[in-house]
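Chains as they are written, first to last, in the numbering used here: chain H, 3 to 219; chain P, 2 to 275; chain B, 128 to 672.
Here a beta-carbon is modelled for each residue, glycine too, at the ideal position from N, C-alpha and C.
Being a predicted model, the structure only gives us computed values, none of them experimental.
Here is the structure we will look at, set down as structure tokens.
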């Protein structure tokens, strides 16, 4: 029997998915802004962050209300707990996208770069992984969630390569400009986006199987 | 799993959100109301407004006066010897103690459902239309139509439509209580009072009745007394917490259960009471 | 490990359970014993055993049915002497229907086949040896003739038909004319008193017409009678004297020593039927009890019809409307005490208040003409069906009140609350919910009242029951139900037979038979009421009773 308050769980799920899509959009757009040096786009992305923040607050309110008023049991509890963490991670992803946008604006100011190192590639992988994580939640697909955990290593290695390329033994310290530093920040931000996507996937695995796979070595 | 990730919609009827439903804010208005059973003071200076087409829950420990207050809304306590009151209760602006108002006509506008379901030893049909017969309706067609409407609203029509002339005492507990609800709303009262309607029922039957309350609130003003806080949290729009005959706190349900203002309320809802 | 304290073969059990069981058995035993006694004594009346011809040692001959055998008074305990009671009949010749004979004096008994037993319209039974039969066409048939028995029974049947026709003329048609005559006479006297010339003429003519009808009917009756005067039976009785019995006097005849068991069974059934459905004869010691049965039935029904509304309404008032307090408690105690008042007191009250005060007033108001012009013959100012029913209704009122109050109290409070919460008034709640739900309990009270009322005799003697009533209280003449008429009652019948009868020996068997009939009647009434109650219970499944 479907109860009337189960509709509120539906609503919560929908809001969460909306947040996910927004965060993914922000990430994609900001990467395009970085590649093309598009300041207008970067500013647009920064504006989108407010909406995601609002959604996070709304999701939290819905979770708090449902927990208090409707006494959930079983998988409903896991959904609510997972949703709280996923919401936070999505909000952090949006924040990181916003940070990337700010860095891009600084690069444009300081001097555009011709060589973006592995950042574009890193960006593509980050978006793919985030998409995978979101899909694993929407579709309830454990396999996709586990795939996310594996692919996070790719982002980490790309971030390290960016770092080595700039500050590594083969590098020339004199060639590092202010914009390059910004680029490293961008790379770091993308790596953090990957981590958050991994967290989301861990929550999805917890939601679907009840297993806590965090902090695995 | 797919049910978890993509649950279907629930309600048969689209219920408008609280802000849209709310009509007159002081539809039932209780002002400085005190009540005595003999020498014992059962209610002390109760003041609250119940808005139209909202569900208001009265909660509190045993003996706190919630049932007493409910039963005074349709003056059922007039049947008890040696009672008196002070203060006033008005419904839609008119005092229920107005000497020009007959108690019988008050009770016809206010339906009541009791803790232990009490269908009459008559047929299902006769039970539902009793309220109409009492006001003098004799036309068979009118009675049958009202019976069907009531039973549909009470989500009982499909289960009993083929045995309307069977004895009402042959129904299950949950069905009997829904029958009592159908009986209470048959004459389309504006207000529905429910005194612990689910306490004698199992969880499935309770769930069905809660769904019913959720749908009925689109048309009726409902006041429900319940000893289950969880039930009050699920079904009501506003909640009043009583203790020892006093009104401790009255606010929206979300406020009461998520962040009550009074320490006593907090203690009660977190189970630290007593 | 607890060892049992006594040997496992001795029966264990709480002693009080055994005591109560014993009490139950004793009670049941008494009831069954009483029923058995009544059945045995009551039913053997109708059985026809073989009839002996007894030779006494002093030469006397007795032809009679053996009725009793008992120990002679004064005979020594170890060597008892018995005496026998024979029903010899022919009361007008023998002085008494029954005869006691010392058993030792009986030399021998024979059972000749030609003994004939007769039930007669007057003077009781007779046991004779038939000589010849004179049929209604004049032909004489000797007893030795093989066709004698058939011819005899044919004549008996013809005589019965004739008697019935005569009865119809005299009782019904002449009776009707008499009644109309009485009404007309009263009207005439009133007209004379008020000096209304036209009226006087009209009445006089009416009376003349009625008198003509009367005369015609009388002539017809005489004719019928004459037609039956021809057939007669000639026989000799025990002492050898000749007896001539006209067939119109013979109700039934049988050959007791010729019948086989099946014949006897048929006779038994026929007598039983006559007992229940026919009218009494011979000062109520013979014949049937139809009027008494009917009277008892009608009175009990009326008593129930009267007590039920009074009792129910009183109970409703006491429980629902009256103010709880000292006054109410006193009223309740008084009502309960009413049940302890001896029934004869109710009879006296009924006589004083109902008959004289109420009846007298009714007569003054509605039947003043009757009183004035008919020798002050009261209509309602004397005992009758109405006052009997009312008196007994009053007597059984406490039973109904208590039962109704209990039934009302047993209706669950929730039902009452639900009805009031729907906006029903107190009266609507009582009428639509409480009364139907307590109907089974109320009916229980009515059953108890009926059982008590049907058996009471003492009050009835004062307010309207008679030994022999000419008419039934319910008959074909308007207004069909005559509440002012006196009637017969089974209980009174028993008293009358047992203590007031001139021939107590003849009456004794009838006492038991009447008692049996009364018990059967009350059981039937109760069963009927119980059936109704069961139907009601099934309809209102939630009833507590």
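Under 7 Å Cβ to Cβ from residue 66 of chain P, same chain only, skipping five residues before and after it: list those, please.
Scanning its chain for C-beta atoms nearer than 7 Å, with the 5 sequence neighbours on each side dropped, one finds around residue 66 of chain P the residues 43, 44, 243, 246, in chain order.
Look at the alpha carbon of residue 156 of chain H and the alpha carbon of residue 73 of chain H, and state the distance between them as a whole number of angstroms.
Roughly 41 Å between the two C-alpha positions.
Taking C-alpha atoms, which residue in P:137, P:223, P:173 lies nearest to residue 111 of chain P?
P:223
Residue 30 of chain P (DSSP reduced to helix, strand or coil):
In the displayed model, residue 30 of chain P falls within a strand according to three-state DSSP.
Of all Cβ atoms in chain H, is any one closer than 8 Å to the Cβ of residue 160 of chain P?
no
The beta strand (DSSP E) that contains residue 255 of chain B, what's its start and end?
Segment 252-261, the beta strand (DSSP E) holding residue 255 of chain B.
Quick check on DSSP: helix, strand or coil for residue 453 of chain B?
helix
Taking residue 231 of chain P as the query, report the chain H residues whose CB atoms sit under 9 Å from its CB, ordered along the chain.
Near residue 231 of chain P (Cβ distances below 9 Å), the residues of chain H are 71, 72, 73.
Round the Cβ separation of residue 235 of chain P and residue 208 of chain H to the nearest angstrom and send it over; I've been treating them as touching at under 8 Å.
Not a contact, Cβ separation roughly 27 Å.
Is the Cβ of residue 100 of chain P closer than 8 Å to any Cβ of chain B?
no
Does any residue of chain H have a CB that is nearer than 8 Å to the CB of residue 61 of chain P?
Not an interface residue.
Can you give me the Cβ contacts of residue 161 of chain H inside the same chain, cut-off strictly under 6 Å, excluding the 5 residues immediately before and after it?
Once the five neighbours on either side are set aside, the close Cβ partners of residue 161 of chain H are 189, 193.
Contact under 8 Å by Cβ, residue 581 of chain B with residue 652 of chain B:
yes
So, at 7 Å on beta carbons, what are the nonlocal neighbours of residue 331 of chain B in its own chain, with the 5 sequence-adjacent residues on each side left out?
315
Please list the partners that residue 215 of chain P has in chain H, where partner means a Cβ-to-Cβ separation under 7 Å.
6
Counting only runs of 3+ residues fully inside the stretch 169-222 of chain B, write out the beta strand (DSSP E) ranges in chain order.
180-183, 188-190, 192-198, 209-214
How about residue 105 of chain P: is its C-beta nearer than 8 Å to some C-beta of chain B?
Closer than 8 Å to some Cβ of chain B, the Cβ of residue 105 of chain P qualifies, so yes.
Between residue 263 of chain B and the rest of its own chain, which residues show a CB-CB distance below 8 Å, the 5 nearest in sequence each way excluded?
282, 285, 354, 355, 357, 358, 374
Could you tell me which residues DSSP pairs with residue 86 of chain P in its beta bridges?
For residue 86 of chain P, the beta-bridge partners assigned by DSSP are P:36.
Curious, which full-length alpha helix (DSSP H) runs of at least 4 residues does the stretch 365-405 of chain B contain?
388-404
Separation of residue 64 of chain H from residue 14 of chain H, as counted between CA atoms:
7 Å
Could you give the DSSP three-state label for residue 195 of chain P: helix, strand or coil?
strand
Coil, strand or helix - residue 190 of chain P by DSSP:
coil
Min CB distance residue 547 of chain B to chain P below 8 Å
Interface residue, yes.
By the 10 Å Cβ neighbour count, where 16 or more other Cβ atoms means buried, how is residue 21 of chain P classified, buried or exposed?
exposed
Measuring alpha carbon to alpha carbon, tell me which of P:154, P:174, P:145, P:178 ends up nearest residue 165 of chain P.
P:145
Residue interval of the beta strand (DSSP E) (run including residue 59 of chain P)
It spans 56-60 - the beta strand (DSSP E) in which residue 59 of chain P sits, taken as one unbroken run.
Taking 8 Å as the cut-off, decide whether the C-beta atoms of residue 514 of chain B and residue 473 of chain B are in contact.
no
Strictly below 7 Å CB to CB, what residues from chain P border residue 551 of chain B?
135
Proximal residues of chain P, C-beta to C-beta of residue 3 of chain H below 7 Å
208
Taking the continuous alpha helix (DSSP H) assigned at residue 165 of chain H, which residues delimit it?
144-169
For the alpha helix (DSSP H) that residue 476 of chain B lies in, which residues bound it at each end?
470-476
Sheet register partners of residue 113 of chain P (DSSP bridge):
According to DSSP, residue 113 of chain P bridges with P:194.
Residue 443 of chain B touches chain P at which residues, Cβ-Cβ below 7 Å?
Those within 7 Å of residue 443 of chain B in chain P number zero; the least Cβ separation is about 17 Å.
How would you write the range of the alpha helix (DSSP H) that residue 61 of chain H sits in, first residue to last?
41-72 is the span of the alpha helix (DSSP H), which, as asked, contains residue 61 of chain H.
What three-state label does DSSP hand residue 488 of chain B in the structure shown?
Residue 488 of chain B falls in the helix class under three-state DSSP.
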